[in-house]
Each structure stands twice: as C-alpha cells, then as structure tokens.
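Structure first, then comments.
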Amino acid sequence: MSYFSKVKVFYKDKLNFWLLNLAGLLVLSTWFLFLFKPIKTSSLAILHYNIYFGFDILGNWSWLFFIPGLVSLFSLLDLYLAIYLWNKQAIWSQFLLLLILLINLMSFVFLFNILNYNL
Numbered sequence: 007m008s009y010f011s012k013v014k015v016f017y018k019d020k021l022n023f024w025l026l027n028l029a030g031l032l033v034l035s036t037w038f039l040f041l042f043k044p045i046k047t048s049s050l051a052i053l054h055y056n057i058y059f060g061f062d063i064l065g066n067w068s069w070l071f072f073i074p075g076l077v078s079l080f081s082l083l084d085l086y087l088a089i090y091l092w093n094k095q096a097i098w099s100q101f102l103l104l105l106i107l108l109i110n111l112m113s114f115v116f117l118f119n120i121l122n123y124n125l
C-alpha cells in the first residue's frame, strides 16, 4: 500500500478526522497569535509566568517563537508515527493524535497568556 493511500484511509476515520482538524486549527491559531498580539522587540521579554513568583524567566523576544516551532516539529513527528502505526495498532495511532491535540492546546494557552503579559 502506498503512503498516499494510507493517508487517505487514515484521514477517513471519524476520530482521526476530528483530532487532526482540531489540532490543525490550534496550530494555525497559535501562529496567528503573533499577528494579532504584536511583540515588543525590546531587549527583554517575559518568557514565563509563575503564580507564586510572578515573572521568573526573562529573555530575548525571539525565544517566544521557539516553543511553537518546537511544538510544530513534535506534531509532525507524531503525525508521521500515527500514520505509520495506523495499520498495526489503531489505538496507538489515535493516542498520538490526542497527544498532538493536547500539546497544541497547552502551547496555545501558554503563548496567549505570555503575549498578554508582554503588552
């Protein structure tokens, strides 16, 4: 079976369809946050907020792009593994898709809060 036909069969499953589309929507909304919430390009930006200590990690504003980039790479790797495992173990494939969705959700919430603090 060719890789393209595996992807078509993989995408036709209802749970896979919804998990992939919701994760893709979160990836796009995470990157659109940078368009709608402009970043101050000053020497220091808030990189982490803790409810006990407040702002505890400061750094260069370009580090704010590191987390969504890393999450995107991790999501692509998980997607490749989910497609690869689809014929062998469907439950592991769906677990990986759920993991993609949850990691992208956490990344979106984290960046939304950090970009609100950097105003």
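When we follow the numbering used here, the leftmost residue of the sequence shown carries the number 7, and every step to the right adds one.
Every residue gets a Cβ at the ideal spot worked out from N, C-alpha and C, and that includes glycine.
Keep in mind that this is a model prediction, so the values were computed, not measured.
Y58 by DSSP, collapsed to three states: which one? Taking the sequence shown and counting its residues from 1, the one referred to as residue 58 is at position 52. Coil, per DSSP.
Please specify which runs of the beta strand (DSSP E), each continuous and at least 3 residues long, are wholly inside the segment 58-120, giving them in chain order. 60-65
Can you list, in chain order, the residues of its chain whose CB lies under 8 Å from that of W69, leaving out five sequence neighbours each side? By 1-based counting over the sequence shown, the position of residue 69 is 63. Contacts found: A51 and L53.
Among Y123, L121 and L21, which has the Cα closest to the Cα of A96? The residue you call residue 96 lines up with position 90 of the sequence shown. Comparing Cα-Cα distances from A96 to each of Y123, L121 and L21, the minimum goes to L21.
Can you tell me which of the three DSSP states L53 falls into? For the purposes of this step, residue 53 is identified with residue 47 of the sequence shown, where counting begins at 1. Strand, per DSSP.
What does the alpha-carbon distance come out to for the pair W67 and S8? As a position in the sequence shown, residue 67 is number 61, starting the count at 1. As a position in the sequence shown, residue 8 is number 2, starting the count at 1. Whole-angstrom Cα-Cα distance: 43 Å.
In whole angstroms, what separates the C-alpha of S49 from that of L64? Taking the first residue of the sequence shown as position 1, residue 49 is located at position 43. Taking the first residue of the sequence shown as position 1, residue 64 is located at position 58. Going from the Cα of S49 to the Cα of L64 covers about 10 Å.
Endpoints, alpha helix (DSSP H) assigned at T47: On the sequence shown, residue 47 is found 41 positions in, with the first residue counted as 1. No alpha helix (DSSP H) contains T47, which DSSP labels as neither H nor E.
Taking the C-alpha atoms as reference points, what is the distance between L32 and L107? Along the sequence shown, one-based indexing puts residue 32 at 26. Along the sequence shown, one-based indexing puts residue 107 at 101. Roughly 8 Å between the two C-alpha positions.
Excluding the 5 residues preceding and the 5 following L139 in the sequence, name in chain order all residues of the same chain whose CB lies nearer than 8 Å to its CB. Nothing about residue 139 can be reported from this structure: the residues present for the chain run from 7 to 125 only.
Which residue's Cα is closest to the Cα of M112: L26, T36, F72 and L91? Within the sequence shown, the letter at position 106 stands for residue 112. For the residues L26, T36, F72 and L91, the minimum Cα distance to M112 belongs to T36.
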